Amino acid sequence: MLRQCTNCGAAVEVDDAVLSATCRFCDSPLVDGARAAEVVDGVVPFTVPKARARDAIVRWLAGLWFVPTALQRASRADELGAVFVPAYAHEALCRSRWTARIGLHWTRTETYTTVENGKTVTKTRQVTETEWFPTSGTHAVVWHDHLVSASQGLSEAESNALEPFDLGQAVPFAPEVVAGVAAEQPTRTHAEVDAVAHDELLGRARDAVARLLPGDRSSGLSVQTDVDVQGVRLVLLPVWIAAVTAGGHTVRVLVNGQTGEVVGQVPTDWGKVVVAVGAA
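Per the working numbering: the sequence shown = residues 5 to 284.
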């Protein structure tokens with residue numbers, strides 16, 4: 005779609021999914037404030053400046069093992085850009101019914117014989133046994149601000165790795181909040197996001213039950229959970245996105261614009277792995 009720059013008057017072609025961009029003629033911000041205000045419930049501001057994000061990437065690469073040396077020694081991150089990425093924050097009540105077997109340890113003294121210096125001797129030792137019992141119960145928990153990426157450009161795995169984001173710091177949408185920073189509206193359908201949220205909330209509920217099981221051990225945990233989503237908000241999350249190129253390798257690296265957490269997938273130098281295994 006064409007959006008007119010309020011500074012120079014140029015008509016700039018902007019993708020329909022983009023809420024905030026920059027005029028390519030005068031570098032002024034282009035913000036579709038009216039449309040964004042209708043759909044965006046909050047914006048988490050950037051608190052990590054560009055220089056700090058760049059330094060964090062360099063330190064992160066230097067601290068990785070088994071990556072190509074050229075990448076490990078990369079001294080800069082190319083094309084480092086700030087983006088407000090859309091995500092849906094879910095408020096959900098999960099009610100679970102569960103069954104499991106729990107094991108309780110107890111110790112007994114065992115007598116045994118062995119040979120020492122050619123003689124048979126009798127000794128005792130402590131042996132730990134486990135007695136198993138069936139058990140069941142219910143569990144309920146409310147999850148606040150469970151985030152699911154609403155962007156095709158940021159996978160759910162990447163989004164999860166970047167978390168947490170403190171949504172308590174979110175501010176209402178205003179053009180000046182996102183001015184000069186790329187921002188997009190959701191490019192994933194509600195059906196896609198709802199399915200991901202449901203699966204992740206089931207997983208969180210199961211993990212919560214597993215952590216609460218009594219006993220010393222457990223097995224055969226079965227959990228049936230009803231998920232009641234009580235509210236959904238669209239928020240824009242601050243993310244630095246960089247391309248790091250060195251030694252013929254290019255990797256995409258992401259930085260949480262609020263905490264400085266760095267994530268990315270880098271290739272493995274299998275030569276280093278072989279050397280490390282051989283030295284072990």
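Yeah, the Cβ is synthetic: ideal placement off N, Cα and C, and Gly gets one too. Only a predicted model underlies this, so the values are computations on that prediction, with no experimental measurement involved.
In whole angstroms, what separates the C-alpha of GLU114 from that of GLY261?
60 Å
Closest to ARG112 by C-alpha separation, out of THR134, ASN121, TYR92 and ALA104, would be which residue?
THR134
For GLY107, which beta-bridge partners are listed by DSSP?
TRP136 and ARG221
Buried or exposed: which applies to GLU204, given that a residue is buried once 16 or more other Cβ atoms fall within 10 Å of its Cβ?
Taking all protein chains shown into account, GLU204 has 16 or more neighbouring C-beta atoms within 10 Å of its C-beta and is therefore buried.
Rounded to whole angstroms, what's the CA-CA distance from SER155 to ASP232? Just pull it up for me.
24 Å
How long is the line joining the alpha carbons of PHE50 and HIS109, rounded to whole angstroms?
51 Å
For the stretch 174–188 against the stretch 112–132, do three or more pairs of beta-carbon atoms, one drawn from each stretch, fall closer than 8 Å, so that the two count as touching?
Taking 8 Å as the limit for Cβ pairs, the verdict is that the stretch 112–132 does not touch the stretch 174–188.
Compute the distance between the beta-carbons of LEU241 and VAL48, then report whether it is under 8 Å.
yes
How close, in whole Å, do the beta carbons of GLY235 and GLU95 come, if the pair is a contact with beta carbons under 8 Å?
About 4 Å separates the two Cβ atoms, so the contact holds.
Any idea what DSSP makes of PRO286, helix, strand or coil?
Since the first residue of the chain shown is 5 and the last is 284, residue 286 is not available in this structure.
At the level of alpha carbons, what is the spacing between VAL44 and ALA186?
15 Å
Return helix, strand or coil for GLU265, following the three-state DSSP convention.
coil
Mind the definition here: the stretch 139–157 touches the stretch 192–207 only if three or more C-beta pairs lie below 8 Å; say whether that holds.
In short, these stretches touch, since the Cβ pair count reaches three.
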